[in-house]
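Protein sequence lines, in the order shown, are assigned to chains A and B.
Going by our numbering, the letters in the first sequence line up with residues 1 to 136, in that order.
Going by our numbering, the letters in the second sequence line up with residues 1001 to 1305, in that order.
Here the structure comes first, spelled out in structure tokens, and everything after it is commentary.
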Amino acid sequence: MSYEYIKFGKEEREFRQKIEEISGENIFSCYQCGKCSAGCMFSDKMDRTVNQQILRIQLGQKEKVLSANTHWVCASCLTCSVRCPRDIDVAAIMEAIREYTLREEPEKIKISELPKKVLEKLPNIALVANFRKKTG
Amino acid sequence: MVQYSYFPGCNLKTNAKGFEETAIAVSKKLNVELVEIPNWNCCGTVHTMTSDNIMKRIAPVRVLSRSKKHIETLEESPNQVVTLCSMCNSTLKIVSKEVSDNQDTLDKINYQLEDDELTYENDIEVKHFLEILRDSVGYEGISKKVVKPLKGLKVSPYYGCMLLHPEEAKIDDEEMPDVLESLVESLGAELVMSPLFKYCCGSYHIVDQENIVSSQVEKIVEAATRRGANALVVACPLCSYNIDQQQKAMAKESAGFKPIPIFYFTQLMALAMGEPVKINHFKEHFINPEPLLKELGLIGRKKTK
Ligand code: SF4
Ligand code: SF4
């Protein structure tokens, strides 16, 4: 059994507040039932599930939250948001983690590096949606 | 003829021409006219879920205000803007709800629209074409126009996410919808229910994480074909592209994989109502539906362009 010391100070609080501010959601509303992760059809590709991400935000563990791939695997399908028993817009929290990162480093995807062939064959809505989600 | 202000969105002019042309054709038969907004812009495709980003909300509000101006020039037009693409539908509906709840946001956006001599006052309703078919035309009215029932076509409805999520944008019950089901039945096709009717296709990840999309599509198609479906019906150009194109790639990789064609709901309507085949633009599909349709005797033997 290993233990993890939990620090809960100003930095932690500020990170949590920032995510709350961007998403407009109260992170402490979440009681960790796990329904969001159970219904998320991408959970198997996430290195931390959606409710685990939310727990980390409650604890203000910025590095752990940002280093997970969860919010980049999330496809904004909004299934979690319509199902959460606490009425939390869970997808908006995933969006807030993306935005938090993009406001520091605005290019998760480098548009100029995409091959011309990809740009030409893909539907406009795929490109516009992708760039709206992955660039700042 | 009732005239609706129609917002096509970008894809109906590029990858999904068959969606638009069949929709316009069948709506005429049903006494509905979709009149395109003369100077529309992209709605932004996905709605921003941030609480503080006004910029990403300007494009969809601009669409609404242009549509309002357009409605004033139409005759006998309900105060509604109609979309075909389910992503446009959801983006426009959400923003319209947001600005009606928040005057401050609307004022800020209107300030940005001033240069175009536009303002938006929250005074129109956004409707998906499926809602018009269900609520204003009615399935019975649709059945009456069917000249060639789609016998032999076993169609599984695939809603994707954006027709049913979120609360502000859904056109039907989010866990038990029946609008596509009823439509398919009113066209004389056989209905095949799949539990993965709203299992996300992977959406915009197609640009840079294709593996996510392919594993989703594999499950969606498998769930439908296992239950006997020989076709899928969709309402979203991105679902359609993802499923169609990934199936082609999968068929190439494994000989055992049996792809099934994807139809927009308006294409099925056009076929059943005896519209010319060419307005479907089947040549642009990755999995060509024509062999199946010929086999079932739903289109003639003549080669269609
Ligand atoms: S469904 Fe809602 S309450 Fe349950 S773990 Fe997810 S966010 Fe928390
Ligand atoms: S919105 Fe994102 S996190 Fe929520 S269910 Fe969909 S993919 Fe999963």
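C-beta atoms are modelled at their ideal positions from N, C-alpha and C, and glycine is treated no differently.
Same chain, Cβ closer than 6 Å to P1149 (chain B), neighbours up to 5 away in sequence not counted | G1188
Per-residue DSSP class, three states only, for K1108 (chain B) = helix
Consider the C-beta atom of T1048 (chain B) and the heavy atoms of ligand 2; say whether any pair is separated by less than 8 Å.
-> no
DSSP state of E1167 (chain B) mapped onto helix, strand, coil = coil
Supposed contact pair F1019 (chain B) and L1030 (chain B) - C-beta distance, whole angstroms, cut 8 Å = Their Cβ separation, rounded to whole angstroms, is 16 Å, which puts L1030 (chain B) and F1019 (chain B) out of contact at 8 Å.
What separation, rounded to the nearest whole angstrom, lies between the Cα atoms of K10 (chain A) and E1284 (chain B)?
-> 57 Å
Contacts of N1089 (chain B) in chain A (Cβ-Cβ under 9 Å) | Going along chain A, no residue has its Cβ under 9 Å from N1089 (chain B), so there is no contact; the nearest lies around 12 Å.
If you run the structure through DSSP and keep just helix, strand and coil, what is E1033 (chain B)?
-> strand
Residue burial classification, G1300 (chain B) (beta-carbon count within 10 angstroms, cutoff 16) = exposed
For chain A, is any of its Cβ atoms less than 9 Å away from the one on Q1209 (chain B)?
-> yes
By Cβ distance, which residues of its chain are closer than 8 Å to G24 (chain A), with the 5 residues on each side in sequence left out?
-> D89 and A92
For Y1159 (chain B) versus V1046 (chain B), is the C-beta spacing smaller than 9 Å?
-> no
P1237 (chain B) - containing alpha helix (DSSP H), residue span = P1237 to E1253
If we count Cβ pairs, one from each stretch, closer than 8 Å, do we get three or more for the region 1031–1051 of chain B versus the region 1060–1074 of chain B?
-> yes
C77 (chain A) burial status per 10 Å Cβ neighbour count (16 or more: buried) | buried
Which whole-angstrom value is the C-beta distance of I83 (chain A) and G39 (chain A), which I expect to be below 8 Å?
-> First, the residue type needs correcting, since residue 83 (chain A) is Arg and not Ile in the sequence shown. Yes, they are in contact, since the Cβ atoms of R83 (chain A) and G39 (chain A) sit about 5 Å apart, within 8 Å.
Can you name the residues of chain B whose CB is closer than 9 Å to the CB of A96 (chain A)?
-> M1049, T1050 and S1051
Output, in chain order, the set of chain A residues within a Cβ distance shorter than 8 Å of E1174 (chain B).
-> V82
By a C-beta neighbour count over all protein chains shown, 10 Å radius and 16 as the cutoff for buried, is E1174 (chain B) buried or exposed?
-> buried
CB of V1192 (chain B) within 9 Å of CB of S1156 (chain B), strictly = yes
Nearest candidate by alpha-carbon position, reference N1242 (chain B), set B:A1224, B:S1214, B:F1007 and B:A1251 | B:S1214
Interface residues of chain B facing L122 (chain A) [CB-CB closer than 7 Å] = I1206 and V1207
Tell me whether G34 (chain A) counts as near ligand 4, meaning its Cβ is closer than 8 Å to at least one heavy atom of that ligand.
-> Here the bound small molecules are ligand 1 and ligand 2; ligand 4 is not part of this structure.
From this set, A:K116, A:E21, A:S29 and A:T70, which residue's C-alpha is nearest T137 (chain A)'s C-alpha?
-> Outside the displayed range of chain A (1 to 136) lies residue 137 (chain A), so it cannot be described from this structure.
Span of the alpha helix (DSSP H), counted from its first residue to its last, around A1270 (chain B) | F1265 to A1272
For I1262 (chain B), which three-state DSSP category applies?
-> strand
DSSP on E63 (chain A), reduced to helix/strand/coil?
-> helix
Please decide whether H1128 (chain B) counts as near chain A, where near means a Cβ-Cβ distance under 9 Å.
-> no
Under the criterion of a Cβ to heavy atom distance below 8 Å, does I97 (chain A) qualify as lining ligand 1?
-> no
Could you name the residues of chain A that H1285 (chain B) contacts, counting a contact when the two beta carbons are closer than 9 Å?
-> Ordered by position in chain A, no residue passes the 9 Å Cβ test against H1285 (chain B), which lies about 13 Å from the chain.
The region 1129–1144 of chain B contacting the region 1162–1180 of chain B, beta-carbon criterion three pairs below 8 Å | yes
K7 (chain A) versus A:L66, A:E21 and A:L59, residue with shortest Cα-Cα distance = A:L59
With a CB to CB cut of under 7 Å and the five nearest residues on each side skipped, what residues in its chain are close to L1180 (chain B)?
-> P1157, Y1159, V1233 and F1265
Decide if A1231 (chain B) is buried, meaning its Cβ has at least 16 other Cβ atoms within 10 Å, or exposed.
-> buried
With distances taken from CA atoms, which of B:F1007, B:M1001, B:Q1003 and B:K1294 is nearest G1152 (chain B)?
-> B:K1294
Three-state secondary structure (DSSP) at K1278 (chain B)?
-> helix
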